[in-house]
Amino acid sequence: MKAEIINAINTAWQFLEGNSRFMSWNLFLALFPLAMSFWLFSKPHSIFIRWGVLLLLGATLLPNINRVVAYGNKLNIEVAIAITLVLIILGICLLRRPQYFSLLWWFGLLIFIAFLPNAPYVLTDIIHLYQDIRQSNSVWVLTLAVVPQYLLFMFIGFEAYVLSLINLGYYLHRQGWSNFILGIELIIHCLSAIGIYLGRFKRFNSWDVVTNPDALVKSVYNDMFDLGPILVIFITFIVIFGLYWLMKLVTLVLLQQYQINQEESEKISRASPKF
């Protein structure tokens, strides 16, 4: 019996360690746009969310530093020059309209949109769970270790997507653009569905917008007229929309309850006598 327990623990550890390699990378890509939304749109009132996200971002970055550097090396001098020229032209246009946001803000917004599909992309990693189920002969290992790991992984990734769009919604509300929130959310869901298709089936990455734009544009153009990819993108859009709507409601309720508790605590602290 003892040997069976030890063997089950070793098997579970092998699965968890093997999965953590791709999970840490995908979580880093999912948390990155959430961290950027704090700068672009709204800093969360909860210090636990703010520092928790930054801590998770750093923890998922550390085991993937070599990969980040390797992808960064793909930016050749021609691409760097092209980006610089675009930024200069955009900067000249914005200088004529001082009421608009800074060049850095717009550049950050483009990065945010490019990386945002990585957050709901974690849902597609359920295919790895199917592979683990086929490889494992232990129901206990799957039930107590592997499945909880996947559920936590997918929850954190998709919740990053939800919180990112909530921050964007708060920003639009402050700007007086509340009527556009739903439309913008639907557009982002659609773009995310396209991004997930390109990432899962065509193996493109967010940085291919810069490093490999020709192949990316050609792939999008060819697939947008094919029924198969359109059907996959449509189903993905429905899944994202439905899950986002549900998790957004739950998240907003929890955030509202947190704010109420904070306000009550402040009232109690102000009302309590000081000696």
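For what it's worth, the numbering used here labels the leading residue of the sequence shown as 82, then goes sequentially.
C-beta atoms are modelled at their ideal positions from N, C-alpha and C, and glycine is treated no differently.
These numbers come from a predicted model, not from an experiment.
For the set I269, S300 and L330, the Cα lying nearest the Cα of L197 is the one of I269. In the structure shown, the three-state DSSP call for K299 is helix. Counting along the chain, V227 sits inside no alpha helix (DSSP H), nor does DSSP assign it H or E at all. Per DSSP, reduced to three states, the secondary structure at R284 is coil, with no helix or strand assignment. Within 10 angstroms of the beta-carbon of M117 lie 16 or more other beta-carbons, which makes it buried.
Contact annotation: the segment 100–119 touches the segment 198–207, with at least three C-beta pairs closer than 8 Å.
L232 sits in a helix when the DSSP states are folded into three classes.
Distance from the CA of I247 to the CA of L142, rounded to the nearest whole angstrom, comes to 24 Å. Separation of the CB atoms of I262 and L253 is rounded to 5 Å, and the pair is thereby assigned contact status at 8 Å. The segment 212–221 and the segment 87–104 touch, with no fewer than 3 CB-CB distances between them shorter than 8 Å. The shortest C-alpha to C-alpha distance from Y231 to any of D295, S259 and N100 is the one to N100. Close CB contacts of M305 within its chain, under the 8 Å cut and outside five residues either way in sequence, are with I311 (chain order). Going by DSSP, W186 is part of the alpha helix (DSSP H) stretching over L184 to F196.
Per DSSP, D213 is one residue of the alpha helix (DSSP H) stretching across I207 to Q216. Of all alpha-carbon atoms in W288, N88 and G238, the one lying nearest the alpha-carbon of V150 is that of W288. Only residues of its own chain outside the window of five on either side were considered, and among them F122 and S123 have a CB closer than 8 Å to the CB of Y251, listed in chain order.
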